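Colleague: One line per chain: the protein sequences are A and B, in this order. Residue 249 in this note's numbering is what sits at position 23 of the first sequence, and the numbering runs on without skipping anything. Residue 63 in this note's numbering is what sits at position 62 of the second sequence, and the numbering runs on without skipping anything. No residue lacks a Cβ here, since even glycine has one placed at the ideal position from N, Cα and C. None of these values were measured; they are calculated from a predicted model. Have a look at this one before I ask anything.
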Amino acid sequence: MNSSNARNVGIVIVSHSPKIAEGAADMVRQMVGNAVPLAWTGGDVDGGLGTNVAGILEAIETAWSPAGVAVLVDLGGAETNSEMAVEMLPEDRRARVVICNAPVVEGAVIAATESSGGSPLAAVKRSAEEFYA
Amino acid sequence: MSLDRAAREKLVRALAASVIEHADELTNLDQAIGDGDHGLNMKRGFGAVIATLPGLADKSLPEMLKTIGMTLVMKVGGASGPLVGTFFMELGNALPEQPARADLVAATDKAINAVKARGRSEAGQKTLLDVLVPVQAVLAGGGDARAIAAEAAQAADRTTPMLAIRGRASFLGERSIGHMDPGSRSASLLIGAAVNVLEFEASS
Numbered sequence: 227m228n229s230s231n232a233r234n235v236g237i238v239i240v241s242h243s244p245k246i247a248e249g250a251a252d253m254v255r256q257m258v259g260n261a262v263p264l265a266w267t268g269g270d271v272d273g274g275l276g277t278n279v280a281g282i283l284e285a286i287e288t289a290w291s292p293a294g295v296a297v298l299v300d301l302g303g304a305e306t307n308s309e310m311a312v313e314m315l316p317e318d319r320r321a322r323v324v325i326c327n328a329p330v331v332e333g334a335v336i337a338a339t340e341s342s343g344g345s346p347l348a349a350v351k352r353s354a355e356e357f358y359a
Numbered sequence: 002m003s004l005d006r007a008a009r010e011k012l013v014r015a016l017a018a019s020v021i022e023h024a025d026e027l028t029n030l031d032q033a034i035g036d037g038d039h040g041l042n043m044k045r046g047f048g049a050v051i052a053t054l055p056g057l058a059d060k061s062l063p064e065m066l067k068t069i070g071m072t073l074v075m076k077v078g079g080a081s082g083p084l085v086g087t088f089f090m091e092l093g094n095a096l097p098e099q100p101a102r103a104d105l106v107a108a109t110d111k112a113i114n115a116v117k118a119r120g121r122s123e124a125g126q127k128t129l130l131d132v133l134v135p136v137q138a139v140l141a142g143g144g145d146a147r148a149i150a151a152e153a154a155q156a157a158d159r160t161t162p163m164l165a166i167r168g169r170a171s172f173l174g175e176r177s178i179g180h181m182d183p184g185s186r187s188a189s190l191l192i193g194a195a196v197n198v199l200e201f202e203a204s205s
């Protein structure tokens, strides 16, 4: 690791299922320990399967890094709600959050591994997206 | 068109009732070709909107619409939250406090474009756009309340034979054919409730 943990690109995991989101986060931690800021969110506001914008905003805040945050999502609503959340961020943060077009579990682990080496946001996103391309 | 406070509250309650009373139907439609949460999600979203009354109706029409939109974005849960919420927020951004019919035509056009951008979708893909777009055309063409409500219902019906291109239903491929799109149904319910309160008169 060539940079302190909190300065590496943050990883946010968004799944309809809180169990999947938490489990994917566990897999990330197993791979990179505390080398990257990490947060997960899943479920609708009542705790059922779904995603919610407030939870995503909170996760982005938790995983915030000056290097930016890469968001991994599962199905449609997770992506739409994540895009909505990014638009609601303060303007200076908006450009430093990317949503990766990658499978949520594999993408999160690969992105976090890339981030743990101190790579910039674009490289983190690319690593997640190219793995299955 | 001038909506006083009582009319604004009536409008909010009618919108909410239209989807809450049909929540089971929306869920059944979504169980056929989606993840089965549309009725529950819309019920939760509009329940949250109702909970902001009576203060919500104290706001001007544009501010009220923006607040409704933001509440739906935050509470609905599925992709419908950002999609329907964006529609209301953009209406609120575009409408003056005392809109004329032409203002409504222009504002709905802007709001529909925002929904298209949010969902990266166009009409013809078995989504709520298949109701919003033709209904907006009737509005722009001077149709009265009855014509608008009729088009909304018919447009939702017309999604039944469509192949889903966007959303969870697209996973089903050709099996999505033969089922009405739940998002189109909820959009038609909301439009029917709105025109019933607003009582448009044909402009031509």
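If you measure beta-carbon to beta-carbon, which residues of the region 279-304 of chain A are closer than 8 Å to chain B?
Modeller: For the region 279-304 of chain A, the set of positions with a beta-carbon nearer than 8 Å to some beta-carbon of chain B reads V279, A280, L301, G302 and G303 in chain order.
Colleague: Determine contact between the region 87-105 of chain B and the region 62-73 of chain B, defined as no fewer than three beta-carbon pairs at a distance below 8 Å.
Modeller: Under the three-pair Cβ rule at 8 Å, the region 87-105 of chain B counts as touching the region 62-73 of chain B.
Colleague: Is there contact between the region 13-21 of chain B and the region 40-53 of chain B, where contact requires at least three CB pairs shorter than 8 Å?
Modeller: yes
Colleague: Using a Cβ-Cβ distance under 8 Å, would A/M257 count as near chain B?
Modeller: Along the first sequence, read from residue 1 onward, the residue named residue 257 of chain A stands at position 31. Chain B, which has no Cβ nearer than 8 Å to the Cβ of A/M257, makes this no.
Colleague: I need the boundaries of the beta strand (DSSP E) containing B/I166, first residue and last residue.
Modeller: Within the second sequence, the letter at position 165 stands for residue 166 of chain B. For B/I166, no beta strand (DSSP E) segment is defined, and its DSSP state is neither H nor E.
Colleague: According to a CB-to-CB cut-off of less than 9 Å, which residues of the region 75-96 of chain B neighbour chain A?
Modeller: M75, K76, V77, G78, G79, A80, S81, G82, P83, L84, G86 and T87
Colleague: Using the beta-carbon count (16 or more within 10 Å), is A/A348 buried or exposed?
Modeller: Taking the first residue of the first sequence as 1, we reach residue 348 of chain A at position 122. With fewer than 16 other Cβ atoms from the protein chains shown falling within 10 Å of its own Cβ, A/A348 counts as exposed.
Colleague: Considering just the uninterrupted stretch of the beta strand (DSSP E) at A/I246, what are its terminal residues?
Modeller: Numbered from 1 along the first sequence, position 20 holds the residue referred to as residue 246 of chain A. Note, A/I246: premise wrong, no beta strand (DSSP E); alpha helix (DSSP H) at P244 to V258.
Colleague: For B/R176, tell me which candidate among B/G35, B/N29 and B/D5 has the shortest Cα-Cα distance.
Modeller: Your numbering for residue 176 of chain B matches position 175 in the second sequence. It is B/G35.
Colleague: Which residue wins for smallest C-alpha separation from B/A107, given the options B/A124, B/L140, B/S122 and B/L84?
Modeller: On the second sequence, position 106 is the one that residue 107 of chain B refers to. Nearest C-alpha to B/A107 among B/A124, B/L140, B/S122 and B/L84: B/L140.
Colleague: Using a Cβ-Cβ cutoff of less than 8 Å, which residues in the same chain neighbour B/G179 once the five nearest sequence positions on both sides are dropped?
Modeller: Counting from one through the second sequence, the residue named residue 179 of chain B turns up at place 178. Cβ within range, chain order: T161 and P162.
Colleague: Please report the distance separating the alpha-carbon of B/F172 from that of A/L301.
Modeller: In the second sequence, the residue the question calls residue 172 of chain B occupies position 171. In the first sequence, the residue the question calls residue 301 of chain A occupies position 75. Near 11 Å, if we compare the C-alpha coordinates of A/L301 and B/F172.
Colleague: Return the Cβ separation of A/V235 and A/G294 in integer angstroms, given the expectation that the two are a contact with Cβ distance under 8 Å.
Modeller: If you number the first sequence from 1, residue 235 of chain A lands on position 9. If you number the first sequence from 1, residue 294 of chain A lands on position 68. With a Cβ gap of about 5 Å, A/V235 and A/G294 count as contacting.
Colleague: Is B/A146 near B/E200, with beta carbons less than 8 Å apart?
Modeller: Looking up residue 146 of chain B in the second sequence gives position 145. Looking up residue 200 of chain B in the second sequence gives position 199. In contact: B/A146 and B/E200 (Cβ atoms closer than 8 Å).
Colleague: For B/G168, decide whether its Cβ has a neighbour in chain A, counting only Cβ atoms nearer than 8 Å.
Modeller: Here residue 168 of chain B refers to the residue found at position 167 when the second sequence is read from its first residue. So, interface residue.
Colleague: Would you identify the three-state DSSP class for B/A138, choosing helix, strand or coil?
Modeller: Indexing the second sequence from 1 puts residue 138 of chain B at position 137. Three-state DSSP puts B/A138 in a helix.
Colleague: By alpha-carbon positions, which one of B/A49, B/A150, B/Q32 and B/G174 ends up nearest to B/T68?
Modeller: Position 67 of the second sequence, counting from 1, holds the residue named residue 68 of chain B. It is B/A49.
Colleague: Going by alpha carbons, who is nearest to B/M90 out of B/A154, B/A8, B/M75 and B/A103?
Modeller: For the purposes of this step, residue 90 of chain B is identified with residue 89 of the second sequence, where counting begins at 1. Nearest C-alpha to B/M90: B/M75.
Colleague: Would you please verify whether the beta carbon of B/R14 is less than 8 Å from any beta carbon of chain C?
Modeller: Among the chains of the structure shown, chain C does not appear; the protein chains present are A and B.
Colleague: Taking the alpha carbon of A/V254 as the reference point, which residue from A/R322, A/A280, A/R319 and A/I336 has its own alpha carbon closest?
Modeller: For the purposes of this step, residue 254 of chain A is taken as residue 28 along the first sequence, with counting starting at 1. Taking only the C-alpha atoms, the option nearest A/V254 is A/I336.
Colleague: Just the chain A side, please: which residues come within less than 8 Å of B/G120 by C-beta, in chain order?
Modeller: Position 119 of the second sequence, counted from the start, is the residue given in the question as residue 120 of chain B. T306, listed in chain order.
Colleague: So if I threshold CB-CB distances at 8 Å, which residues from the region 35-51 of chain B count as touching chain A?
Modeller: D36, D38, L41, N42 and R45
Colleague: By the three-class DSSP mapping on this structure, what secondary structure does A/L315 have?
Modeller: Residue 315 of chain A sits at position 89 when you count from the first residue of the first sequence. Coil.
Colleague: Rounded to a whole number of angstroms, what is the C-alpha to C-alpha distance between A/L283 and B/R167?
Modeller: Within the first sequence, the letter at position 57 stands for residue 283 of chain A. Within the second sequence, the letter at position 166 stands for residue 167 of chain B. Rounded to whole angstroms, A/L283 to B/R167 spans 25 Å at the Cα level.
Colleague: Flag this pair as yes or no: are the beta carbons of B/A156 and B/G193 separated by less than 8 Å?
Modeller: Start at 1 with the first residue of the second sequence, and residue 156 of chain B comes out as number 155. Start at 1 with the first residue of the second sequence, and residue 193 of chain B comes out as number 192. No, these two residues do not count as a Cβ contact at 8 Å.
Colleague: Which stretch, first to last residue, makes up the alpha helix (DSSP H) that contains B/A178?
Modeller: Counting from 1 along the second sequence, the entry for residue 178 of chain B is found at position 177. Per the sequence shown, residue 178 of chain B should be read as Ile rather than Ala. For B/I178, there is no enclosing alpha helix (DSSP H), as DSSP gives it neither H nor E.
Colleague: By DSSP's criteria, B/L16 is part of a beta bridge. Which residues make up the other side?
Modeller: Within the second sequence, residue 16 of chain B is the residue found at index 15, counting from 1. BP columns for B/L16 are empty, so no partner.
Colleague: Using only the alpha-carbon positions, how far apart do A/A285 and B/L84 sit?
Modeller: The count along the first sequence starts at 1 and reaches residue 285 of chain A at position 59. The count along the second sequence starts at 1 and reaches residue 84 of chain B at position 83. Taking the straight line from one Cα to the other gives about 22 Å.
Colleague: Could you tell me whether the Cβ of A/G333 comes closer than 8 Å to any Cβ of chain B?
Modeller: By 1-based counting over the first sequence, the position of residue 333 of chain A is 107. It does not: the Cβ of A/G333 has no partner Cβ on chain B nearer than 8 Å.
Colleague: Counting only beta-carbon atoms, is A/G236 nearer than 8 Å to chain B?
Modeller: Position 10 of the first sequence holds residue 236 of chain A. Output row for A/G236: interface = no.
Colleague: Just to confirm the assignment, what range does the beta strand (DSSP E) spanning A/L264 have?
Modeller: If you number the first sequence from 1, residue 264 of chain A lands on position 38. That run of the beta strand (DSSP E) goes L264 to G268.
Colleague: Using the Cα positions of B/E183 and B/D25, report the straight-line distance between them to the nearest angstrom.
Modeller: Start at 1 with the first residue of the second sequence, and residue 183 of chain B comes out as number 182. Start at 1 with the first residue of the second sequence, and residue 25 of chain B comes out as number 24. What sits at residue 183 of chain B in the sequence shown is Pro, not Glu. B/P183 and B/D25: Cα-Cα distance of roughly 11 Å.
Colleague: Just confirm the distance between the C-beta atoms of B/E10 and B/L54, as a whole number of angstroms; I'd bet it's less than 8 Å.
Modeller: Residue mapping note: residue 10 of chain B aligns to position 9 of the second sequence, counting from 1. Residue mapping note: residue 54 of chain B aligns to position 53 of the second sequence, counting from 1. Correct: roughly 6 Å between the Cβ atoms.
Colleague: Quick one: which chain B residues come within Cβ less than 8 Å of A/G276?
Modeller: Numbered from its first residue, the first sequence carries residue 276 of chain A at position 50. Per Cβ cutoff of 8 Å: D38, N42, G78 and G79.
Colleague: Any beta carbon from chain B within less than 8 Å of A/V271's own beta carbon?
Modeller: Within the first sequence, residue 271 of chain A is the residue found at index 45, counting from 1. So, interface residue.
Colleague: May I ask you to list the residues that DSSP assigns as paired with A/V323?
Modeller: Position 97 of the first sequence, counting from 1, holds the residue named residue 323 of chain A. In DSSP, A/V323 forms a bridge with A/V295.
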